[in-house]
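Residue numbers (this note's numbering), protein chains in the order written: chain A, 627 to 1077; chain B, 5 to 545.
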């Protein structure tokens, strides 16, 4: 593979790269001015559609297609919401973009708002990102001062205001309708669909929700062109008519047991092994990887043998994972107990389940309590079947919940049980030599503390 | 007509009906279990109990294509060609899992729970649950939290359907209830310093599908399976809400709203809900009494009169007195009012008939959900006015009657009350002091009854049978729910006997007679549906 020169991360390491002067010196905001002069909104939509850009937030839905779902000739207002509630464990690519190159994001937002005819954009920022908050706000102020935001931007008839909204630290606020509810000042309980946000979203008006990295990609597509974008990544699989391909550069967040964790930009489609070895310097301390999370904890697990899977939008699904997700690759070395991993995962989702749908509210909590009991040396083999059943029946895909949080909670469970069942069985038999085979209902048990 | 296919059975629904799959399936006789959905509240589709398989039948080819996953029936509209499968293995397994999940954090304290016997969690577990509990048992907890003056919350019994929260936001518009915390630690709560204290608060208890919200008035008073329920109408105000009176051995324990799309939809106000306690008040008048020699001297004691003797002696006394004035209370039913007018005119053909005192408090109060509490605190003013109009088209009012008596145009008066609260002051009562014969028929003693030469007890709302006409001209018929205390003849029974009619008081016979003799009440001629009839139906047509 050709060495790839970072585009989205161009400003990383540049002194004062977050300032508007630095961004303009790198050619920023020129594409925006040209678009405002020469192109109609529909041209921008067509450009993004043609580029094959898929949303970087996790689901990988085509960005241009999403924009076309907005009602035609709507009297307005139409809202653009930018999802910066980056809460998926292991994920930090949005933070890098917001901290090191906020103007790239803002230019993308302005272009996207122009394309969607939105005159108001909200950035929903995760509470735990104070530096992103400061830098984004500074950048927004700079953009207003430079005339890229506000009324009649650069002499055009297009006006845009961006509001930076700081969330209050909840994973569920990253779900697009949870985000909308939270932005409206309500409890972030995801909405039932239909209606989809494109028809009825924020304040009951048509709304597009896009990710920060998607915005940066839009800015780069406007600057470098559709052909450039499509020259990067993995083309569509000709044998699969439903695969739209995975084009463009992608920010991979590499963390866990590697020598050099960090946020790396490569074309979509790099394999996990390449990423770990070429960018991460290999698994730390000369150890082997036991498992790798392909794209945030909710995507499930890949085993060592599956590391040659390309990390594009279609790849992780082929080895039983939920998808590419946020491309947050977390390496788990061979010394880690997979029981500990699953316990940690279950604890996270039990804590973050919004509590609206019964299967997720009770399923996440039940699985956590089962893991706590297993770790307390009172596990039974039967628990693994129960865990697998919870994993297989909880979520949007089987239809038992409103949003995808439950799918994200279910995938680590079912992947871990399926791919590492032997380890679970050994653990249970060793820690509970008397009771591992019991199949009776569990007797009353006090809450077991976890480490 | 759109056709919906429920478990292979085709049913037709109205072309412009907006039904969801639960309602459509119900038409076909299939009950889809649900907790969070309620026809009077917004759809949240969060309990996931109503998950079903759905599909569509292609109108042209007849080919059915099914959705690959389960969908909530409450959220899915039933349209032409919608296919609903409510009993597949996939659906049954899903219901069993939801039941299992709901019971993980439920204390299962049914033996001490008021809801036991009418609890959806019990019913659905019996129908759809698993026999074995596979989850780790939770230590028994039963935390109780006071959420307002009328309602108490058993925190751990809650299944988080959020019906109560939506009710306070959408119907009462008061938004006291909310959800706190996340995940399985979620709880219903009120905001500090803002208890659940609104005039519709009791409805959240009815809405609660489990025993989480308890009505303090009913708490631990009676097991629900001992009670019988009678379709009734609330007498608290002129709205005339449809209710169920729930009672055991002639003791009322609670009132519940009865669904009536024309009147109260699914709700009743707290004033009505708790407005039955006067029925069992020890201070109620019991037994007929007559002052010796009809003396107007209050110190003369009342002598008890056997009911069998009341009928002839009352007639004799009133006839002897002379000119008669009668107040027909708006608490009486149409049938009772009509019989009373007939009795009065049979005693004195020139008897002055007037509508009794109409109690009013404040103004009509309408809530955001459309429910209205009326200022007029009597159930049948329109009905009584309609009856009086048959005898005197000028329809004299209570104040006209008082003036009539005060100016000496009457020698005797018969005042019916049956008001649950104090209604007359000393000054007004004084107008009746010099009458030769004063009959007062009421629930409680009052300045007026102190002057009475004949004091008769009245029946409470649940002790009557007949018809009330509410503020919107809707006539609702109801049966007697409980028997009055010993020594009380309901008004209807007395008037029936005074008219010399045979057998037991039969309100239906009287109603037919009224309907036949009057255009106003013509709509009462046939069977009256449970939701009542609009008396203006003929005028409208």
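The C-beta atom is built at its ideal place from N, Cα and C for all residues, glycine as well.
query, result
"Beta-carbon gap between residue 268/B and residue 375/B smaller than 8 Å", "yes"
"Contact with chain A by residue 73/B, beta-carbon distance below 8 Å", "yes"
"Coil, strand or helix - residue 171/B by DSSP", "helix"
"is_contact[residue 627/A, chain B] using C-beta, thresh 8 Å", "Any reading at residue 627/A must be qualified, since the residue scores a pLDDT of 48, below 50, and its modelled position is unreliable; the value itself is stated next. No, its Cβ sits nowhere closer than 8 Å to a Cβ of chain B."
"Rounded straight-line distance, which links the Cα of residue 928/A to that of residue 1007/A", "23 Å"
"8 Å Cβ cutoff, residue 1060/A in contact with chain B", "no"
"Chain-ordered neighbours of residue 976/A on chain B, where CB pairs are closer than 8 Å", "187, 188"
"Contacts around residue 59/B, its chain only, beta-carbon distance under 7 Å, and the 5 residues preceding and following it disregarded", "68, 69, 70, 71, 87"
"Contact test: residue 406/B Cβ vs the ligand FAD heavy atom, cutoff 7 Å", "Absent from the structure shown: the ligand FAD. Ligands present: none."
"Distance CB(residue 154/B)-CB(residue 210/B) smaller than 8 Å", "no"
"Near-chain B residues of the stretch 1011-1022 of chain A (beta-carbon distance less than 7 Å), N- to C-terminal order", "1012, 1019"
"Presumed contact (8 Å Cβ cut-off) between residue 786/A and residue 775/A, rounded CB distance", "6 Å"
"Stretch pair the stretch 647-656 of chain A + the stretch 726-742 of chain A: three plus CB contacts closer than 8 Å", "yes"
"CB contact flag (residue 515/B, residue 457/B, <8 Å)", "no"
"Alpha carbon of residue 212/B to alpha carbon of residue 114/B, nearest angstrom", "15 Å"
"Residue 798/A versus residue 277/B: straight-line alpha-carbon distance, rounded", "40 Å"
"Validate contact between the stretch 258-272 of chain B and the stretch 281-293 of chain B using beta carbons, cut 8 Å, 3 pairs", "no"
"Beta-bridge pairing of residue 251/B - partner residues as DSSP gives them", "232/B, 256/B"
"Beta-carbon proximity check, residue 739/A vs residue 706/A, cutoff 8 Å", "yes"
"Supposed contact pair residue 913/A and residue 959/A - C-beta distance, whole angstroms, cut 8 Å", "4 Å"
"Identity of the residues DSSP links to residue 791/A by a beta bridge", "750/A"
"For residue 268/B, the three-state DSSP class (helix, strand or coil)", "coil"
"Residues near residue 208/B in its chain [Cβ-Cβ closer than 8 Å; skip 5 each side]", "155, 167, 168, 171, 172, 181, 200, 217"
"C-beta atoms of residue 536/B and residue 480/B nearer than 8 Å", "yes"
"For residue 861/A, the three-state DSSP class (helix, strand or coil)", "coil"
"Opening and closing residue of the alpha helix (DSSP H) in which residue 474/B lies", "Unbroken run through residue 474/B: none, as it is neither H nor E."
"Proximal residues to residue 1013/A (C-beta, below 7 Å), its chain only, five neighbours per side dropped", "993, 996, 1039, 1043"
"Outcome for residue 696/A when other beta-carbon atoms lying within 10 angstroms are tallied against a minimum of 16", "buried"
"DSSP state of residue 785/A mapped onto helix, strand, coil", "coil"
"CB contact below 8 Å: residue 109/B versus chain A", "yes"
"Buried or exposed (CB count within 10 angstroms, at least 16 for buried), residue 982/A", "buried"
"Separation of residue 984/A from residue 164/B, as counted between CA atoms", "8 Å"
"Residues near residue 223/B in its chain [Cβ-Cβ closer than 8 Å; skip 5 each side]", "118, 156"
"Residue 392/B to residue 357/B span [Cα, whole Å]", "7 Å"
"Short-range partners of chain B found in the stretch 1027-1040 of chain A, where Cβ spacing is below 8 Å", "1027, 1028"
"Continuous alpha helix (DSSP H) assignments of at least 4 residues falling wholly in the stretch 194-230 of chain B", "207-211"
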